[in-house]
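*Asks:* What follows is a single structure, and I will ask about it in a moment.
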Amino acid sequence: MKVTVIGSHLCPDTLYALNRLSEAKAEIDFKNLSASLPDLKVYLALRQDSPAYADIRENGGIGIPCFVLEDGTATRDLNAVLKQAGNL
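If you want the numbering used here, it's the 1-based position in the sequence shown plus 1229.
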């Protein structure tokens, strides 16, 4: 299973997710927002327009890590991603 992980190497939740997905043998495409302004710009557009981020925007959060599955579905739920990969 391929998953794009949008996060930061400075975020402990992102590092945890990357480790769990690596253990699950997922194919990971990591978009490091702390290192790539183009990736940050794409993520901010996703975050701004998605109803799934309403609570994050209201509370002033960042909303990472975010996971984008092969079918284009975006989620912040690591357990759902691991379950879909059959490794929870």
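Quick reminder that beta carbons are idealized off the backbone N, C-alpha and C, glycines included.
What is the DSSP secondary structure of Leu1262, counted as helix, strand or coil?
*Replies:* Three-state result, Leu1262: coil.
*Asks:* Is DSSP giving Ile1285 helix, strand or coil here?
*Replies:* Correct three-state label for Ile1285: helix.
*Asks:* Have a look at the DSSP bridge pairing and note the partners of Gly1236.
*Replies:* Beta-bridge pairing links Gly1236 to Asn1261.
*Asks:* Alpha carbon to alpha carbon, how far is Tyr1272 from Gly1236?
*Replies:* Their backbone Cα atoms lie some 9 Å apart in a straight line.
*Asks:* Is the stretch 1230 to 1246 in contact with the stretch 1255 to 1275, if contact means three or more CB pairs nearer than 8 Å?
*Replies:* Enough Cβ pairs lie closer than 8 Å, so yes.
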